[in-house]
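Report on the structure given below.
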Amino acid sequence: MYRHIDEYHLKYTDVDAFDNLKLSSLLSFLEESACLSADELGFGYDNLAPAHKGFIVVNWYIELFRNIRLGDVLSVHTWPLKPKHLIFLRDFELYCGSEKVGVCTARWCMIDTDKFVPVAASTFFSEDFFDNCNTERSIDFRDWKIPAVSTGNFCYSKTVTYSDYDHYFHVNNTKYADFMFDVFSVDELRGKSMRSVQITYVKQCKEGEKIDFFKEKKDGCCLVEGKVEVETRVQMRIAFNGI
Numbered sequence: 014m015y016r017h018i019d020e021y022h023l024k025y026t027d028v029d030a031f032d033n034l035k036l037s038s039l040l041s042f043l044e045e046s047a048c049l050s051a052d053e054l055g056f057g058y059d060n061l062a063p064a065h066k067g068f069i070v071v072n073w074y075i076e077l078f079r080n081i082r083l084g085d086v087l088s089v090h091t092w093p094l095k096p097k098h099l100i101f102l103r104d105f106e107l108y109c110g111s112e113k114v115g116v117c118t119a120r121w122c123m124i125d126t127d128k129f130v131p132v133a134a135s136t137f138f139s140e141d142f143f144d145n146c147n148t149e150r151s152i153d154f155r156d157w158k159i160p161a162v163s164t165g166n167f168c169y170s171k172t173v174t175y176s177d178y179d180h181y182f183h184v185n186n187t188k189y190a191d192f193m194f195d196v197f198s199v200d201e202l203r204g205k206s207m208r209s210v211q212i213t214y215v216k217q218c219k220e221g222e223k224i225d226f227f228k229e230k231k232d233g234c235c236l237v238e239g240k241v242e243v244e245t246r247v248q249m250r251i252a253f254n255g256i
């Protein structure tokens, strides 16, 4: 069955202070592989843009089985699954050599880029377009709802600027990973490693908006939330080894 495979050689700029792969770098690799796979299958950016359509990622769920380190060569395997009306699932497996080091699944929406609203798969794809899709799952994850931060502490504020933007003129999904990791201090992360992480993008953020970030420990995880005034824009639930 179809799989798209890319290799990424981890460089100094891809890792954190402890030489572990940064979440933002991992998301960049996953997004790049997803885009290259879509190009390969005929529904990439160049295919969709003339039809005034595009894809945005709505949710990530990632499990890591060990740290991915400076100098590792990360192999990303990815494939799309048959969409369900508005939701497009895409799965990933992560390897270093023959060792499986992680799995991931993501939910995407196709949008009308003029109105920036979700549109159904049927507005672009034929009914049988995905009939020969790989039906294998990297992980059968269904718990997409992240609890709200209820008793958490305010951590800091970030104002959206030009360098946070992508070609849809909003904050790129990978940027939020760095924003949300900045709620932790270096000492808080010393000796820790990501075991699982889940992100929900609730609503886009635009240049000039001030995002306030809050965090809370709950049920063995850390919840992180970004709000513009009282409106939730992005959420993360992360579990660490070492906590």
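Throughout, my numbering is defined as the position within the sequence shown, counted from one, plus 13.
Using N, Cα and C, we set each Cβ at its ideal position, and we do this for glycine too.
Taking buried to mean at least 16 other C-beta atoms within 10 Å of its own C-beta, is residue i buried or exposed?
| i | result |
| --- | --- |
| K158 | exposed |
| G204 | exposed |
| E106 | buried |
| M249 | buried |
| R120 | buried |
| M14 | exposed |
| Y74 | buried |
| A46 | According to the sequence shown, residue 46 is Ser rather than Ala. It is buried - the Cβ of S46 has at least 16 other Cβ atoms within 10 Å. |
| N72 | buried |
Taking only three categories from DSSP, how would you classify residue i?
| i | result |
| --- | --- |
| S37 | helix |
| N166 | strand |
| V130 | strand |
| A161 | coil |
| D141 | coil |
| E44 | helix |
| D19 | strand |
| T136 | helix |
| Y181 | coil |
Hey, how far is the Cα of residue i from the Cα of residue j?
| i | j | result |
| --- | --- | --- |
| L236 | V116 | 21 Å |
| D125 | A64 | 9 Å |
| V215 | K113 | 31 Å |
| I224 | F182 | 16 Å |
| Y108 | R246 | 32 Å |
| L87 | G110 | 8 Å |
| G84 | K128 | 43 Å |
| A30 | L202 | 10 Å |
| C234 | D144 | 38 Å |
| K228 | S206 | 18 Å |
| D200 | T26 | 20 Å |
| S176 | N186 | 13 Å |
| H267 | W92 | Residue 267 is absent from the structure shown; the chain starts at 14 and stops at 256. |
| V130 | L94 | 22 Å |
| N80 | T118 | 19 Å |
| E149 | D141 | 18 Å |
| A161 | C122 | 23 Å |
| H98 | S139 | 12 Å |
| I152 | Y21 | 22 Å |
| E44 | I69 | 10 Å |
| L36 | A133 | 30 Å |
| G67 | R82 | 33 Å |
Within the continuous alpha helix (DSSP H) that includes residue i, where are the two ends?
| i | result |
| --- | --- |
| L102 | No alpha helix (DSSP H) contains L102, which is instead part of the beta strand (DSSP E) from 101-109. |
| L61 | 58-61 |
| Y189 | 186-194 |
| E201 | 199-202 |
If I follow the unbroken beta strand (DSSP E) through residue i, where does it start and stop?
| i | result |
| --- | --- |
| E112 | 112-125 |
| V71 | 66-77 |
| M249 | 244-254 |
Who are residue i's beta bridge partners in DSSP?
| i | result |
| --- | --- |
| A229 | Note on residue identity: the sequence assigns Glu, not Ala, to residue 229. Per DSSP, L236. |
| P171 | Note that residue 171 is Lys in the sequence shown, not Pro. Paired residues: I224. |
| S88 | E20, Y108 |
| S206 | N254 |
| Y25 | None; Y25 has no bridge partner. |
| V241 | E244 |
| T213 | N72, Q248 |
Return yes when the C-beta of residue i is under 6 Å from any heavy atom of the ligand MG, and no when it is not.
| i | result |
| --- | --- |
| T136 | Ligands are entirely absent from the displayed structure, and the ligand MG is therefore not among its contents. |
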